[in-house]
Structures are given as C-alpha cells and as structure tokens.
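Trainee: Residue numbers (my numbering), protein chains in the order written: chain E, 1 to 184; chain R, 1001 to 1175.
Backbone N, C-alpha and C define an ideal beta-carbon position, used for all residues, glycine too.
The structure displayed is predicted, hence computed values, not measured ones.
1) How would you list, in chain order, the residues of chain R whose beta-carbon sits under 7 Å from the beta-carbon of residue 63 (chain E)?
2) Against chain R, does residue 181 (chain E) count as a neighbour if the rule is that its beta carbon must be under 9 Å from one of theirs?
3) Classify residue 1136 (chain R) as helix, strand or coil using the three-state DSSP reduction.
4) So, is residue 86 (chain E) buried or exposed, given that buried needs 16 or more other C-beta atoms within 10 angstroms?
5) Can you check whether the CB of residue 72 (chain E) is closer than 9 Å to the CB of residue 1089 (chain R)?
6) Less than 9 Å between CB atoms is the rule here; does residue 156 (chain E) satisfy it with respect to chain R?
7) From which residue to which residue does the beta strand (DSSP E) around residue 69 (chain E) run?
8) Using C-beta distances below 6 Å, list every residue in its chain close to residue 184 (chain E), excluding the 5 sequence neighbours before and after it, in chain order.
9) On a Cα-Cα basis, can you pick out the residue from R:1126, R:1138, R:1127 and R:1072 that is closest to residue 1102 (chain R)?
10) Alpha carbon to alpha carbon, how far is residue 1019 (chain R) from residue 1032 (chain R)?
11) Residue 1049 (chain R) versus chain E: which residues are under 7 Å apart at the beta carbon?
12) Taking Cβ positions only, does residue 11 (chain E) come closer than 9 Å to chain R?
13) Please confirm if residue 112 (chain E) has its CB atom under 9 Å from at least one CB of chain R.
14) Quick one: is residue 107 (chain E) buried, meaning 16 or more other Cβ sit within 10 Å of its Cβ, or exposed?
15) With a cut-off of 8 Å, do at least 3 Cβ pairs link the stretch 121-136 of chain E to the stretch 74-82 of chain E?
16) If you compare alpha carbons, which of E:23, E:46 and E:146 is closest to residue 116 (chain E)?
17) On a Cα-Cα basis, can you pick out the residue from R:1038, R:1144, R:1104 and R:1007 that is closest to residue 1130 (chain R)?
18) Could you say if the stretch 1045-1053 of chain R and the stretch 53-69 of chain E meet the contact criterion of at least three C-beta pairs nearer than 8 Å?
19) Below 8 Å on the Cβ atoms is my contact criterion, and I expect residue 161 (chain E) with residue 152 (chain E) to pass it. Report the Cβ-Cβ distance as a whole number of Å.
20) Of the residues E:62, E:125, E:103 and E:75, which one's Cα is nearest the Cα of residue 93 (chain E)?
21) In the DSSP assignment, find the beta strand (DSSP E) that holds residue 1103 (chain R) and state where it starts and stops.
22) Can you find the residues in the same chain that come closer than 6 Å, C-beta to C-beta, to residue 164 (chain E), ignoring five residues on each side of it along the sequence?
23) If you draw a straight line from the C-alpha of residue 1044 (chain R) to the C-alpha of residue 49 (chain E), how long is it?
24) Look up residue 150 (chain E) in the DSSP assignment and say whether it is helix, strand or coil.
25) Are residue 1163 (chain R) and residue 1145 (chain R) touching if we call contact CB-CB under 9 Å?
26) Ignore the nearest five residues each way along the sequence and tell me which others in residue 1010 (chain R)'s own chain have a CB closer than 7 Å to its CB.
27) Go through the stretch 118-166 of chain E residue by residue and report every complete run of the alpha helix (DSSP H) that reaches 4 residues or more, in order.
28) Between the beta-carbon of residue 1121 (chain R) and the beta-carbon of residue 1159 (chain R), is there less than 9 Å?
29) If we count the other Cβ atoms within 10 Å of its Cβ and call it buried at 16 or more, is residue 1084 (chain R) buried or exposed?
30) I need the straight-line Cα distance from residue 180 (chain E) to residue 100 (chain E), nearest angstrom please.
31) Could you have a look at residue 104 (chain E) and say whether DSSP puts it in helix, strand or coil?
32) Contact defined as beta carbons within less than 8 Å: I believe residue 30 (chain E) pairs with residue 1036 (chain R). What is the distance between those atoms, to the nearest angstrom?
33) Residues of the stretch 1013-1043 of chain R in Cβ contact with chain E at a cutoff of 8 Å, in chain order, please.
34) Under 8 Å Cβ-Cβ, which residues of chain R neighbour residue 151 (chain E)?
35) Could you give the distance in angstroms between the alpha-carbon of residue 1110 (chain R) and the alpha-carbon of residue 154 (chain E)?
36) Do we get a CB-CB distance below 9 Å when we pair residue 116 (chain E) with the residues of chain R?
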C-alpha cells in the first residue's frame, strides 16, 4: 500500500488554507464591499439623472429670466432709476408752458415698490398739451402714475394745472437712499 | 565512506510542484486583493462624486431661488407698469371726454377731477342750457350731481357743479 507522501500532505494543507482564506475573504470582505459598490453605483446613477434633470430645468428658468429681462429692459431700468425732479422737468417741459415739481415726499413702500409722491404745478395752453403729456408719460424714463386730484384753472388765455403723481422705483433704492441720508 | 555513486542533491520542501502551486495561490490572492482594492477605490469615488453632485445641486437650488425671486419681481414690475400705463391712458381719455362734454356756450373757469368725483366751476348764459347740455350727460355718468347757480354781472349765471360716483363702484388707481 502506497502511503501519502509528506509533500502531498503539505500540498493538501496549503490548498485547504487557501480555500479557507478565499471563502472567508470573499464572504466577509469582498461580497459586502461589492454590495456597497452596487448600491453606490445605483444611487449615483439616480442622483446624476436627477441632477441632469434639475440642470435642464435650471437652464430653462435661466432662459426665461433672460427673456423677461430683455423684453422688459425699459421697465426694469425705469424702476431702477432714482427720481430726480430736475430731470423730470427737463424731460417733460416741452408739453407745458411752465412745469414745476412743487414738492415730493420721502419715498414710501407700497406693494413691494418704493413710491415717491410728487406734486406738480404747471401751465398749459390747451388741454391737448396735457393729453400729449399723459401719452408721453408712459414712455418716460420713470414709472409714473398720474393721480387725482387734478385741477385745471383758467387763467386768461392759459390753463393752470396741478396734479399729483406717484413715481415708482425699486424698494432697494429707498433703503439705499435712507442709508445714504443716515450717513450724511 | 561513500554509499552512492552520485553526489547527493539538497532536498527542499519547496519542490517545483509546490512553487508552481504557490504561484497560482499568489495569483489568486493578488486577484482577490486587486478586486477588493478596485471596489474600495470605486466606492470612495462614488461617495466623492455624490458629495460633489449634492454640493452642485444645492448651488443650483440657491441660484434657482434667486432667479425665481427675480422672475416674480420682474413680472410684478411688468404688471404694475402695464396697469399704470393703462390707467394713464384711461385718465387721458376721461379728461378728453370730460372736455368734450362741455358745450360751446358754457365756459369753464375751473375743473377739479377727484378720485370719486368731479367739480366744475363755470359760466352759462342761462340755467336751461346748463341743465340740458351739461347736467344731463353728467347725470348719466355720476351717481350724485349737485348744482348751484350765482347770477353774474352780465346776466349770465356762474355755476358750481359737484358730481360724485359711489365709492364701492369706483375703480381705484391703486387696485
């Protein structure tokens, strides 16, 4: 009977140890790590897809904003402009024989916007001039709402008029004005 | 004393077969470790990528909130400006219509346009002309109309016409 040689015994022991190592390493380390890998990969895919969708949505919103900005450039600029009585008089004096901003109060906040209440006195040769002014005020560099009361008084050949108007601006401008005046 | 004709060779446990076997074992272990290393690296990179995506997404969300705020602000600006422009045009038409109402024979000396009314001061040759040609159209526009007359030096009548509309039916400029 052939006895098993010592070499064979070594071989068997070494193979057995390797098998144990491979099994233990696989079940205790490799497979859990593989599971984590799979979960992470699926999660990353999901997050990437969500991120891509959100990026697209973000870009669309950005386009909408750009579009709004370009379409309403005049209005945005008009709101951003601080009211200057001199500038207003210069801009509109052609419609009147005489135009003067008699008083304008500190701006107040109304519906999220700053509002200057401006009183004006003027002199016109005919009501037509006033109509022209009302048409032109919509193309003005400010956002101006003509308010009641409006008075027209006959004075010889001309008409004296006085009216109130609300000039709208951005709320931030008021805060800036307030902080500027505080500094002064 | 010699027992063999050949020189004895050194015997080692690491025979060629065992060496070959160990090479296979080493390759197996190296492959296992490499796989483990690959998984560790990938997991680490996944976590890093997820983190950076989260950061980018939160930046996008912040920027989106800012944009949304700006969009709503611009829309408000647009809406308000359109309302104002419309009201200015309506006001122009109202004033124009008011002056068109005044008959040639009546002369106005003063007109006060109020938020809910109109006060006219003027001179008329007689009360009938005023009543038929001015008061009648004013009555059709306003809810309350009051008139008072004062005789002028030339025999004509000075008049004050006060006209109001009901507050609840009035369209305010601020609405």
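Mentor: Well, looking at it:
1) The contacting residues do not exist; residue 63 (chain E) stays about 10 Å from chain R at best.
2) With a pLDDT of only 47 at residue 181 (chain E), under 50, the local geometry of the prediction cannot be trusted, and the value read off the model is given with reservation. Not one chain R Cβ lies under 9 Å of residue 181 (chain E).
3) DSSP places residue 1136 (chain R) in helix when its eight states are reduced to three.
4) Only exposed fits residue 86 (chain E), as fewer than 16 other CB atoms lie within 10 angstroms of its CB.
5) Between residue 1089 (chain R) and residue 72 (chain E), the CB-CB gap reaches or exceeds 9 Å.
6) No, its Cβ sits nowhere closer than 9 Å to a Cβ of chain R.
7) Per DSSP, residue 69 (chain E) is not a residue of any beta strand (DSSP E); the alpha helix (DSSP H) it occupies stretches across 31-71.
8) Note that residue 184 (chain E) scores 40 on pLDDT, short of 50, meaning its location in the model is unreliable and no value can be drawn from it.
9) Closest by alpha carbon: R:1138.
10) In a straight line, the C-alpha of residue 1019 (chain R) is about 20 Å away from that of residue 1032 (chain R).
11) Those are 44, listed as they occur along chain E.
12) Under the Cβ criterion of 9 Å, residue 11 (chain E) is counted among the residues facing chain R.
13) Closer than 9 Å to some Cβ of chain R, the Cβ of residue 112 (chain E) qualifies, so yes.
14) Its Cβ being crowded by 16 or more others within 10 Å, residue 107 (chain E) is buried.
15) Output reads no: the stretch 74-82 of chain E does not touch the stretch 121-136 of chain E.
16) Out of E:23, E:46 and E:146, E:146 has the C-alpha closest to the C-alpha of residue 116 (chain E).
17) Checking every option, the nearest Cα to that of residue 1130 (chain R) belongs to R:1104.
18) Not touching, per the Cβ criterion.
19) Going by Cβ atoms, the distance from residue 161 (chain E) to residue 152 (chain E) rounds to 5 Å, so yes, they are a contact pair.
20) The shortest C-alpha separation from residue 93 (chain E) is found at E:125.
21) From DSSP, residue 1103 (chain R) is part of no beta strand (DSSP E); its letter is neither H nor E.
22) Within the same chain, residue 164 (chain E) has close Cβ partners 119 and 147.
23) Computed Cα separation, rounded: 20 Å.
24) DSSP, read as helix, strand or coil, puts residue 150 (chain E) in strand.
25) Yes, the Cβ-Cβ distance between residue 1163 (chain R) and residue 1145 (chain R) is below 9 Å.
26) If the five residues before and after residue 1010 (chain R) are omitted, its C-beta is found closer than 7 Å to no C-beta atom of its own chain.
27) Counting only runs that start and end inside the stretch 118-166 of chain E, the alpha helix (DSSP H) elements of at least 4 residues fall at 127-137.
28) Yes; because the gap between Cβ atoms is below 9 Å, this pair is in contact.
29) Classification of residue 1084 (chain R): buried, given that the 10 Å Cβ count is 16 or more.
30) Bear in mind that the predicted position of residue 180 (chain E) carries a pLDDT of just 49, short of 50, making it too unreliable to give a figure here.
31) Residue 104 (chain E) falls in the strand class under three-state DSSP.
32) Contact between residue 30 (chain E) and residue 1036 (chain R) is confirmed by a C-beta separation of about 6 Å, below the 8 Å threshold.
33) Here the close residues are 1013, 1015, 1017, 1018, 1021, 1022, 1025, 1028, 1029, 1032, 1035, 1036, 1039, 1040, 1042 and 1043.
34) Chain R residues near residue 151 (chain E): 1110, 1111, 1112 and 1113.
35) If you take the alpha carbons of residue 1110 (chain R) and residue 154 (chain E), they lie about 6 Å apart.
36) Chain R, which has no Cβ nearer than 9 Å to the Cβ of residue 116 (chain E), makes this no.
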